[in-house]
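Have a look at the structure below, then the notes.
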Amino acid sequence: MVQYLNKFLIIAFTINLGITPIKAQGKYHPNKTDENGKRQGIWVYYHPSGNLKTIENYVDNVLDGIRITLNERGYLNIEEYYRMGKLHGEQKIYDGFARLMELKEFTEGVLSGAYKKFNPNTGKISEEGTYVNNQKHGKYIWYYDNGNPAVAYTYKMGVIEGEAIEYYKEGGIAAISTYRANELDGPYKEFYPDGKIKVEGLYKMGEKVGKWFTYDENGKKKPLKY
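Position one of the sequence shown corresponds to residue 86 (this note's numbering), numbered consecutively onward.
In structure tokens, the structure reads:
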């Protein structure tokens, strides 16, 4: 049974690549080198159990095309693409039961593009954003396990810069703040679940400054000073 499964996966892999596998007497023979000792075409590796571990493709000894890895039990672990030896395109990472955990985009070995991470228990997105040159860039959101947003930051090349919003688990904005160079710096507001203002003030380089105000649920205002 394992042999049939292994052969099926290798065939599926070659179809994906558009490659005609090398055959001899009806059997597949991957792991070939050319006259110069360079790996060419499909290479296959196995776990000690005999189950497939890795299938990958080489051009002149360099990874090129789809590459997949499986765990000892035969579940898909990683699916990724290479171009001239560098990760290029979408990478999918799975947990030990083939449930999708992460989606990444690479350009010539550099993490650049959309990123998503998933909750393995619900299948819902737990965080998402965009990377540029291996750095978070733009809006980046984390989610509660019910699928609602928990917090959203704005990044500029890996640094929190600009507006940040925190949310209540059941919905609605809990706080709005401003960051500069990873520090709270600017207006800050907190809200009650019904949307009424709860706290407001100003941060400077991570410290509360000036006049702050708290509000009870009826809107009564109380001043504070820092």
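Each residue gets a CB set at the ideal place from its N, CA and C atoms; glycine is no exception.
Note that the structure is a prediction, hence the values are computed from the model and not measured.
Give me, in chain order, the residues of the same chain whose beta-carbon lies closer than 6 Å to that of residue i; leave out the 5 immediate sequence neighbours on both sides.
i	result
residue 127	115, 142
residue 130	138, 139
residue 285	274, 298
residue 121	none
residue 201	188, 210, 213
Could you tell me the alpha carbon to alpha carbon distance between residue i and residue j, rounded to whole angstroms?
i	j	result
residue 228	residue 146	42 Å
residue 105	residue 247	Note that residue 105 has pLDDT 39, beneath the 50 cutoff, so the model's placement of it is unreliable and the number below is only indicative. Taking the straight line joining both Cα atoms gives about 53 Å.
residue 180	residue 271	41 Å
residue 234	residue 252	6 Å
residue 290	residue 158	51 Å
residue 211	residue 222	18 Å
residue 206	residue 296	45 Å
residue 177	residue 192	15 Å
residue 226	residue 173	24 Å
residue 196	residue 242	12 Å
residue 261	residue 167	41 Å
residue 306	residue 249	24 Å
residue 136	residue 230	34 Å
residue 282	residue 304	8 Å
residue 276	residue 259	5 Å
Please classify residue i: is it buried, with 16 or more other beta-carbons within 10 angstroms of its beta-carbon, or exposed?
i	result
residue 162	buried
residue 199	exposed
residue 111	Low local confidence applies: a pLDDT of 38 at residue 111 is under 50, so the model's placement there is unreliable, and no value is given.
residue 311	exposed
residue 182	exposed
residue 240	buried
residue 134	exposed
residue 165	buried
residue 149	buried
residue 214	buried
residue 263	buried
residue 189	buried
Who are the Cβ neighbours of residue i in its own chain at under 7 Å, not counting the five residues just before and after it?
i	result
residue 244	266, 267
residue 280	257
residue 232	209
residue 169	147, 149
residue 118	124, 125
residue 204	211, 230
residue 219	195, 196
residue 185	177, 179, 203
Considering just the uninterrupted stretch of the beta strand (DSSP E) at residue i, what are its terminal residues?
i	result
residue 363	Past the edges of the chain, shown from 86 to 311, lies residue 363, and the structure says nothing about it.
residue 142	137-144
residue 170	Premise fails: residue 170 is in no beta strand (DSSP E) and is neither H nor E.
residue 290	Looking at the DSSP string, residue 290 is not in any beta strand (DSSP E), and its letter there is neither H nor E.
residue 205	From DSSP, residue 205 is part of no beta strand (DSSP E); its letter is neither H nor E.
residue 134	Neither: residue 134 is in no beta strand (DSSP E) and is coded neither H nor E.
residue 182	It is not in any beta strand (DSSP E) - residue 182 carries neither H nor E in the DSSP assignment.
residue 252	247-252
residue 115	Neither: residue 115 is in no beta strand (DSSP E) and is coded neither H nor E.
residue 256	First-last for residue 256: undefined, no H or E at that position.
Which residues in the same chain have their Cβ closer than 8 Å to the Cβ of residue i, if we skip the five residues on either side of it in sequence?
i	result
residue 109	Legend: pLDDT at residue 109 = 33, less than 50; position of this residue unreliable, no value from coordinates given.
residue 308	296, 297, 298
Report the CB separation of residue i from residue j in whole angstroms; it is logged as a contact under 8 Å.
i	j	result
residue 194	residue 224	With 8 Å as the limit, residue 194 and residue 224 do not qualify as a contact, their Cβ atoms being about 25 Å apart.
Compare the C-beta of residue i with all C-beta atoms of chain C and state if any pair is closer than 8 Å.
i	result
residue 205	The structure shown has no chain C; it contains just one protein chain.
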